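Read through the structure below, which is laid out as structure tokens, and then see the notes.
Numbering (the working numbering), first residue to last: 21 to 434.
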């Protein structure tokens, strides 16, 4: 571990990238503490502490929501825009072609569409949030100009946050959006620990231990599944070009147990928040009560995570493209004919892996709800929630892999 740190510090380019990431995360935390003018933060924080739905939402903004800061929406509007566009690829052929068949240039254009849609979603969501806070008596009357400036401030904050995420991806190391979500979750953990100690009851020692043990088990399971692979053997036929022979080697096509990462959970949470938000905003008692029921919420959450795992993988992982590329390069899976049979085989293996991965993701997502129902302790719910732990562990593992890959590359260059 110490040797790795020394290597990083000695490698100027990698060191600069990591310092850049830390610098951007500091800007993010600074922005999270800049409130919209004229807001009574303490009343809002008290309200959020008593509301499970907004407590979870606040966790993923790193506490920016209960401060009503200029980035109180976090990356929610950007994620929403990306989700909608990716789902539209399944029904709009031109968009599917752009995303899947036009290579890096097509994906850049696709991402540009998501960027352009983000300010619109941010403006709509910020208006909805401010309207809700006003309806709850948490903020005073706002004139037209005040409302407009507040919406512009929040929408602008979201766009800046999106830009910071892209800068981290381009100039730093790791995935910028994932690192910002990770930083937001980690930033709120000390507050959760403090609340847990304040409200600690010695008679509930066993449930507290159960929470700690469950979080350790979840971390272990996340590491196992994230690192789990099914290696599909691939052989390359021998080819002679001039006086040289190419191919004749065997390798593997690694297929992950969880190819979609944490995205299905983020998608499911975004969709699951919609009924709760509508019920709260529009005062629809039926929706509010239905999604306050732990069992309805948990079962719906599990089903959505399970389905989104398949949907998102279908959008991002294309067996046909893999089979075509293998055939072009003279590769084949032993015992399977090239072309359509190879595509069908890869799809079959993928479906089996996805059943395991989707079941795991769904189980991790609802485990804290089950434990909370059994122990009736809510203080750790947000801190060790399966979703939060999954994101934290996944981002840490992915970032470590990227750092190791960069170290190997620089060592090779030297």
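Ideal placement from N, C-alpha and C gives every residue a C-beta, glycine not left out. Note that this is a predicted model, so its numbers are computed, not measured.
Apart from the 5 residues on each side of it in sequence, residue 37 sits with its Cβ closer than 8 Å to the Cβ of 191, 192, 193 and 426 in its chain, given in chain order. Residue pairing by DSSP places residue 273 opposite 252 in a beta bridge.
Each of 364, 381, 126 and 45 was checked against the Cα of residue 188, and the nearest Cα belongs to 45.
DSSP, read as helix, strand or coil, puts residue 139 in helix. No Cβ-Cβ contact shorter than 7 Å links residue 139 with residue 197.
Only exposed fits residue 110, as fewer than 16 other CB atoms lie within 10 angstroms of its CB. In this structure, the beta-carbon distance from residue 288 to residue 328 falls below 7 Å. The C-alpha of residue 317 lies about 19 Å from the C-alpha of residue 409. For residue 87, there is no enclosing alpha helix (DSSP H), as DSSP gives it neither H nor E. For residue 173, the enclosing alpha helix (DSSP H) has its first and last residue at 164–191. Here the segment 49–62 makes contact with the segment 162–174; the two share three or more CB pairs at distances below 8 Å. Bounds of any alpha helix (DSSP H) do not take in residue 95, whose DSSP letter is neither H nor E. For residue 352, the secondary structure class from DSSP, reduced to helix, strand or coil, is strand. Residue 55 carries a strand assignment under DSSP once its states are collapsed to helix, strand and coil.
Annotation: residue 279 is outside any alpha helix (DSSP H) and is labelled neither H nor E by DSSP. By the criterion of at least three beta-carbon pairs nearer than 8 Å, the segment 363–378 is in contact with the segment 273–287. Separation of residue 135 and residue 99 (C-alpha to C-alpha, rounded to the nearest whole angstrom) is 10 Å. Cβ-Cβ separation between residue 275 and residue 370: approximately 6 Å, consistent with a contact (criterion under 8 Å). Judged by DSSP secondary structure, residue 314 falls within the alpha helix (DSSP H) whose first and last residues are 314–336.
With the rule of 3 Cβ pairs closer than 8 Å, the segment 249–259 counts as touching the segment 345–356. Taking C-alpha positions only, residue 200 is separated from residue 347 by approximately 40 Å. In the three-state reduction of the DSSP assignment, residue 374 falls in the helix class. Between residue 95 and residue 181, the CB-CB gap stays under 7 Å.
In this structure, DSSP gives residue 31 a state outside helix and strand, which the three-state scheme calls coil.
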